[in-house]
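Worksheet: the structure to be examined is printed underneath.
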Amino acid sequence: MTKKKKEVRALKTFTGKVTAIKDGDTFEVLYDGEPERVRLAEIDCPESAQPYGKKAKQFASDLCFGKTVTVASGSKRDRYGRVVGTVTTEDGVNVNEALVKAGYAWHYKDYSDNAQIGVFEEEARQKGLGLWADSKPTPPWEWRKNKRKKK
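Next up, the structure:
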């Protein structure tokens, strides 16, 4: 029995309910009866096995799990097929920015042209919020690269 390949939908902006938080920057959003995996654009949270990874996931969960959100993606998807976008809660909270402001995400400069997120990161860093309480936190892209080298 072959598994039917899921049709990839072009989604610029859509509204749906968050049904799962995979990690700090990856959610599942139920849209039109189908789950869509969403990766938050322009930020990178610590991986689950990294320090602050579980706290980033909990912070994201507290903000939007079980709630209706709007995802603005410009129809972008990453190499894993995830919708890449900005998530906003019904009460107007930009989840991408909130994670950075709270110190639970880095500004992912390689994939962002939004300088304001960099400002939010610097403010969190100066205040020692979240992962910035550590003197030298390891960015998740470096952590992933080091993990691949060990294999």
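Numbering (the UniProt record's numbering), first residue to last: 1 to 151.
Beta carbons: idealized from backbone N, C-alpha and C, even for Gly.
Item, Value
"Using DSSP with H/G/I as helix, E/B as strand and the rest coil, what is Pro35?", "strand"
"Hey, would you say Tyr108 sits closer than 7 angstroms to Ile43, going by beta carbons?", "yes"
"In this structure, does DSSP put Lys22 in helix, strand or coil?", "strand"
"So, are the CB atoms of Val95 and Leu11 less than 7 angstroms apart?", "no"
"Where does Ala105 fall in DSSP's three states?", "coil"
"Give me, in chain order, the residues of the same chain whose beta-carbon lies closer than 7 angstroms to that of Lys3; leave out the 5 immediate sequence neighbours on both sides.", "The predicted model places Lys3 with a pLDDT of 49, which falls under 50 and marks its position as unreliable; any figure quoted below should be read in that light. Closer than 7 angstroms at Cβ, skipping near neighbours: no residue."
"Compute the Euclidean distance between the alpha carbons of Ala72 and Gly16, then round it to the nearest angstrom.", "11 angstroms"
"If we require 3 or more residues per run, which beta strand (DSSP E) segments fall completely within the segment 61-109?", "68-72, 83-89"
"Cα separation between Glu34 and Thr68?", "14 angstroms"
"Please report how far the alpha carbon of Tyr80 lies from the alpha carbon of Val38, in whole angstroms.", "10 angstroms"
"Across which residues does DSSP place Glu28 in a beta bridge pair?", "Ala20, Arg37"
"Could you give the residue range of the alpha helix (DSSP H) that holds Gly118?", "115-127"
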